[in-house]
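Chains as they are written, first to last, in my numbering: chain S, 1 to 293; chain R, 1001 to 1293.
All C-beta atoms, glycine included, are put in the ideal place defined by N, C-alpha and C.
Notes to accompany the following structure.
Encoded structure:
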């Protein structure tokens, strides 16, 4: 049980964490900060936080658990703001969808206190944002990738696994580099494609009429295009090199299929589709991995 | 009530139609044909058909309702095969995902009997195929686009609307050309993208490990990549010109977003994402449209 959760960022991810941690009996009290007074007011009203802090440093002060739940582009200034307010025994985690940039920002801002920080990426989310959508059940059953660095002591890693597992999450570990390469392929690229797809369709004269005729395939395929714009701007900018690599591979695959259609090469076309279809049909998410200290 | 449904193609779409039409009390007897003896055996076992026909012509003979539920590339030979077995009062419909090519094939093969054919596209489906997945509930709540042509008599159109509505579908009408342009944008392009995306990820050395780390966003985005390869080969080849147009628009949108990332243009990038996100968040499928004769 943590005495006090310092919640920095009270949106969907942060707000849901506070609700879930409280429900799991893992935190006694939540002090939250958001740059938006409107957000903290609603967080209070909804029982997401017990008290509102005047700034990130105030939320950190006296907290033995700190969750940084801000768009990744705001990580550096958040770490800088809380550095001198960190209790020496506090565990600090984040929820960012990119990890190399967050780790670099933490290294620069935190100095030797970097040992208190365990970088985390809970792979849950919804296409709606904000504290009004915070949900105690958001994390249950989800997968959390923990990306410790050389400076992270084993007991901190163990502690981080335990927090997420108490919320019903499966946890696994990767290096920040490996995380960012994998996520560029299976998360960042699909989001980029989904945004571009919607723009491409909507930008044509009959685009909105076309959209009105879309069915269940479109609905699922494009669901992620409704995601939070600020969050995705930051992810795209933070992980641009890996995303560029994946875009290159995707374009090559797209060009190849288009060429087969253009040439009317039915045999090769169906073989290509069959490969993709079989891979997707047999796909299932990773098995949960036990914590390794 | 139709006395006999002649079912040509006993896969997911055809098999589900037979089950649903029987459940809705719209057909008394079902005679089915499939080129695969294995499929017709299972269709009999599952009660999808009451009797197996030796060929498409046999399935049509004596039937007052005929459903052509074959990959669109097999439409031409199916129409040619049944032409001389059509009862003059029979209503014939198809379920193809493209309509111009099916209409052209019907015109060439059916001669003046084209008046008995109402081209239809029920926008339902699953990423599994085959009679073993046939489901009486597949069509309920789905949208069916009916694309009559100059030769289609008003009473045939009305009759077609009534059949689908009896299965719980919403029906609306478009020209075949308008259908194919819209579906290229909101269905054919997403499928092509999803196949290419899976190929692009899987083809790299760490591809399968990356896929094992994918989460719920990936799951929904790529669900359609598991679709039936034969069906999609035919759709891509049949509607290649419209798909090319949409691919061109998509690539332009993709290039634009990539350029904004490359330039680190955070303001323009978030504006672009915000537009896409708002369009998708406010999307809802078309309202049902009353039949017009």
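Cβ closer than 9 Å: which chain S residues qualify as neighbours of residue i?
i: residue 1013 of chain R; result: Correct list: empty, because the minimum Cβ distance to chain S is about 14 Å.
i: residue 1071 of chain R; result: Neighbours of residue 1071 of chain R on chain S: none; closest Cβ ~10 Å, over 9 Å.
Below 8 Å on C-beta distance, what does residue i contact in chain R?
i: residue 249 of chain S; result: 1200, 1201, 1203, 1204
i: residue 252 of chain S; result: 1200
Can you pull the chain R neighbours of residue i, defined as C-beta to C-beta under 7 Å?
i: residue 275 of chain S; result: 1199
i: residue 146 of chain S; result: Going along chain R, no residue has its Cβ under 7 Å from residue 146 of chain S, so there is no contact; the nearest lies around 13 Å.
i: residue 114 of chain S; result: Going along chain R, no residue has its Cβ under 7 Å from residue 114 of chain S, so there is no contact; the nearest lies around 25 Å.
i: residue 75 of chain S; result: Under the 7 Å cutoff, chain R gives no residues; its nearest Cβ is about 15 Å from residue 75 of chain S.
Using a Cβ cut-off of 7 Å, pull out every chain S residue sitting near residue i, in sequence order please.
i: residue 1233 of chain R; result: 266, 269, 270, 273
i: residue 1280 of chain R; result: 198, 222, 225, 226
i: residue 1143 of chain R; result: 215
i: residue 1302 of chain R; result: Because residue 1302 of chain R is not part of the residues shown, which for chain R are 1001 to 1293, the question remains open.
i: residue 1230 of chain R; result: 270
i: residue 1211 of chain R; result: 186, 283
i: residue 1218 of chain R; result: 186, 187, 190
i: residue 1016 of chain R; result: Within 7 Å Cβ-Cβ: nothing; residue 1016 of chain R doesn't reach chain S, min ~14 Å.
Verify whether the separation of the beta carbon atoms of residue i and residue j is less than 8 Å.
i: residue 1198 of chain R; j: residue 279 of chain S; result: yes
i: residue 1180 of chain R; j: residue 1100 of chain R; result: yes
i: residue 1007 of chain R; j: residue 1032 of chain R; result: yes
i: residue 110 of chain S; j: residue 63 of chain S; result: no
i: residue 79 of chain S; j: residue 106 of chain S; result: yes
i: residue 1010 of chain R; j: residue 1049 of chain R; result: yes
i: residue 1043 of chain R; j: residue 1093 of chain R; result: no
i: residue 195 of chain S; j: residue 1276 of chain R; result: yes
i: residue 95 of chain S; j: residue 67 of chain S; result: yes
i: residue 26 of chain S; j: residue 166 of chain S; result: yes
i: residue 130 of chain S; j: residue 69 of chain S; result: no
i: residue 1257 of chain R; j: residue 1272 of chain R; result: yes
i: residue 1193 of chain R; j: residue 193 of chain S; result: yes
i: residue 81 of chain S; j: residue 108 of chain S; result: no
i: residue 205 of chain S; j: residue 1214 of chain R; result: no
i: residue 247 of chain S; j: residue 189 of chain S; result: yes
i: residue 1065 of chain R; j: residue 1090 of chain R; result: yes
For residue i, which residues in chain R fall below 9 Å Cβ to Cβ?
i: residue 140 of chain S; result: Per Cβ cutoff of 9 Å: no residues; residue 140 of chain S is ~13 Å from chain R at best.
i: residue 1 of chain S; result: In chain order: nothing, as chain R lies at least about 29 Å away.
i: residue 243 of chain S; result: 1258, 1261
Please tell me whether, using a cut-off of 7 Å, the distance from the CB of residue i to the nearest non-hydrogen atom of the ligand MG is below it.
i: residue 1186 of chain R; result: The model depicted lacks the ligand MG and carries no ligand whatsoever.
Cβ closer than 8 Å: which chain S residues qualify as neighbours of residue i?
i: residue 1237 of chain R; result: 261, 264, 266, 269
i: residue 1085 of chain R; result: The premise fails here: residue 1085 of chain R is roughly 28 Å from chain S at the closest Cβ pair, so nothing lies under 8 Å.
Worksheet item: Can you find at least 3 beta carbon pairs, one from the segment 161-179 of chain S and one from the segment 136-151 of chain S, that sit closer than 8 Å?
Response: yes
Item to complete: Indicate whether the contact test is met: 3 or more Cβ pairs, each with one atom in the segment 112-120 of chain S and one in the segment 129-142 of chain S, closer than 8 Å.
Response: no
Worksheet item: Taking contact to mean at least 3 C-beta pairs separated by less than 8 Å, is the segment 1084-1096 of chain R in contact with the segment 1052-1062 of chain R?
Response: yes
Worksheet item: Which whole runs of the beta strand (DSSP E) in the segment 60-146 of chain S are 3 residues long or more, in chain order?
Response: 65-68, 91-94, 120-122, 143-146
Fill in: At least three beta-carbon pairs within less than 8 Å, the segment 124-138 of chain S to the segment 16-24 of chain S
yes
Discussion item. Tell me which residues of the segment 29-49 of chain S have at least one Cβ-Cβ distance to chain R shorter than 8 Å, keeping chain order.
Written reply: none
Fill in: Residues in the segment 167-194 of chain S having any Cβ partner in chain R nearer than 9 Å
172, 174, 178, 179, 181, 182, 183, 184, 185, 186, 187, 189, 190, 191, 192, 193, 194
Discussion item. Please list, in chain order, the residues of the segment 148-163 of chain S that have any C-beta partner in chain R closer than 9 Å.
Written reply: none
Worksheet item: Which runs of the alpha helix (DSSP H) fall wholly inside the segment 1143-1170 of chain R and span at least 4 residues, in chain order?
Response: 1154-1166
Discussion item. Which residues of the segment 1088-1100 of chain R have a Cβ closer than 7 Å to any Cβ of chain S? Give them in chain order.
Written reply: none
Discussion item. If contact is defined by three or more beta carbon pairs under 8 Å, each pair taking one atom from either stretch, is the segment 1241-1252 of chain R in contact with the segment 224-238 of chain S?
Written reply: no
Worksheet item: What residues in the segment 1054-1069 of chain R have a beta carbon less than 9 Å from any beta carbon of chain S?
Response: none
Worksheet item: Are at least three pairs of beta-carbons, each pair with one atom in the segment 207-221 of chain S and one in the segment 1211-1225 of chain R, less than 8 Å apart?
Response: yes
Item to complete: Could you say if the segment 1199-1210 of chain R and the segment 236-243 of chain S meet the contact criterion of at least three C-beta pairs nearer than 8 Å?
Response: no
Worksheet item: Taking three-plus beta-carbon pairs below 8 Å as touching, is the segment 1119-1129 of chain R in contact with the segment 1091-1099 of chain R?
Response: yes
Practice prompt. Flag this pair as touching only if the segment 206-214 of chain S and the segment 1185-1195 of chain R have three or more C-beta atom pairs under 8 Å; answer yes or no.
Written response: yes
Practice prompt. Could you pull out every unbroken beta strand (DSSP E) segment of at least 3 residues lying fully inside the segment 213-279 of chain S, listed in chain order?
Written response: none
Practice prompt. For the segment 1021-1053 of chain R, list the alpha helix (DSSP H) runs that are entirely contained and at least 4 residues long, ordered along the chain.
Written response: 1037-1045
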